[in-house]
Amino acid sequence: MYIKSIIIDGFKSYGKRTEVHGFDPEFNAITGLNGTGKSNILDSICFVLGISNLVHVRATSLQELVYKSGQAGVTKATVTLVFDNTDKDQCPLGYEKCNEISITRQIVVGGKNKYLINGKTVQNKKVQDLFCSVQLNVNNPNFLIMQGRITKVLNMKPQEILSMIEEAAGTSVYEAKREHSIKLIEKKDAKLNELYTVGSKQNTNA
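If you count the sequence shown from 1, you need to add 71 to reach my numbering.
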């Protein structure tokens with residue numbers, strides 16, 4: 072599953088409906104002159120993916136994401152990500168029959184949020200469940216490496232880089248679950264040994 076096109080309407084510097092398309096399945100670079108809205112394209116993607124820390128999209132409130140903060144006659148911001156879903160090996164659960172998936176997020180001045188999957192209104196949780204099923208977690212601290220962090224990443228030790236990649240890939244979540252399961256098994260084993268010891272003493276006394 073990869074982004075096929077982005078439809079931006081009323082989001083940040085995009086006051087009018089704009090469609091960005093022609094994405095490559097594997098690698099993309101957004102280039103252009105200063106002030107042409109390159110960063111806002113990335114911000115729009117993060118917006119739909121559900122970023123919680125608005126600092127990463129250079130805003131302090133959701134209203135700031137609306138074109139000119141809603142002061143120019145535009146009262147809502149809408150962004151739609153259209154995903155190519157023809158590769159069924161990387162398909163979100165429950166969407167195997169869809170060759171294309173569109174996910175929309177809309178905010179209205181005043182704070183109202185709206186989410187849609189393939190044109191149908193859904194709860195935010197359903198959108199996040201879809202993204203998590205294909206290891207897309209924009210709130211992972213290593214999902215985005217902002218300009219100011221590049222030098223820090225370049226100076227990381229091999230083990231630190233490995234940890235960062237594991238966290239970005241989502242494998243650290245399973246590692247935490249594995250450790251939790253091991254501790255739970257150890258507790259159960261200790262309890263069984265305790266019961267076995269008590270049972271042995273009772274048999275000896277009998």
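We treat Cβ as the ideally placed atom computed from N, Cα and C, and that holds for glycine.
Source: prediction; values computed, not measured.
What is the DSSP secondary structure of residue 82, counted as helix, strand or coil? Reduced to three states, the DSSP call for residue 82 is strand.
Quick check on residue 167: does DSSP put it in helix, strand or coil? Secondary structure of residue 167 (DSSP, three-state): coil.
For residue 41 versus residue 174, is the C-beta spacing smaller than 8 Å? The displayed coordinates of the chain run from 72 to 277. Any statement about residue 41 would go beyond what the structure contains.
Quick check on DSSP: helix, strand or coil for residue 205? The answer is coil: DSSP assigns residue 205 none of H, G, I, E or B.
Using 8 Å for Cβ pairs, my map puts residue 73 next to residue 79. What's the rounded Cβ distance? Taking a contact as a CB-CB distance under 8 Å, the pair residue 73 and residue 79 does not count as one, their CB atoms being some 18 Å apart.
Considering only the beta carbon of each residue, do residue 154 and residue 75 sit closer than 8 Å? Contact flag set, yes.
Excluding the five sequence neighbours on either side, which residues of its own chain have a C-beta within less than 7 Å of the C-beta of residue 120, listed in chain order? These residues qualify, in order along the chain: 202, 207 and 209.
Where residue 191 sits in the DSSP three-state scheme: In the structure shown, residue 191 falls within a strand segment according to DSSP collapsed to helix, strand and coil.
What residue ranges within the region 119-168 form continuous beta strand (DSSP E) runs of no fewer than 3 residues, ordered along the chain? If you keep only unbroken beta strand (DSSP E) runs of at least 3 residues inside the region 119-168, you get 147-155.
Between which two residues does the alpha helix (DSSP H) holding residue 222 run? Its alpha helix (DSSP H) spans residues 221-225.
Which residue wins for smallest C-alpha separation from residue 140, given the options 81, 114, 108 and 193? Nearest of 81, 114, 108 and 193 to residue 140, Cα basis: 81.
Would residue 264 be called buried (16 or more neighbouring beta carbons within 10 Å of its own) or exposed? Classification for residue 264: exposed.
Should residue 249 be labelled buried (16 or more other beta-carbon atoms within 10 Å of its own) or exposed? Around the beta-carbon of residue 249, fewer than 16 other beta-carbon atoms lie within 10 Å, marking it exposed.
Cβ of residue 136 within 8 Å of Cβ of residue 83? Residue 83 sits close to residue 136, with the two beta carbons spaced by under 8 Å.
Nearest-angstrom Cα distance between residue 167 and residue 198? For residue 167 and residue 198, the gap between their C-alpha atoms comes out near 16 Å.
Which residues in the same chain have their Cβ closer than 8 Å to the Cβ of residue 238, if we skip the five residues on either side of it in sequence? Spatial neighbours of residue 238 in its own chain (CB-CB distance under 8 Å, excluding positions within 5 residues in sequence) are listed in chain order as 211, 212 and 213.
From 215, 219, 268 and 274, residue whose alpha carbon lies closest to that of residue 122: For the options 215, 219, 268 and 274, the alpha carbon positioned closest to that of residue 122 is the one of 215.
Using a Cβ-Cβ cutoff of less than 8 Å, which residues in the same chain neighbour residue 217 once the five nearest sequence positions on both sides are dropped? Take residue 217, set aside five residues on each side of it, and the residues of its chain with a beta-carbon closer than 8 Å to its own are 127, in chain order.
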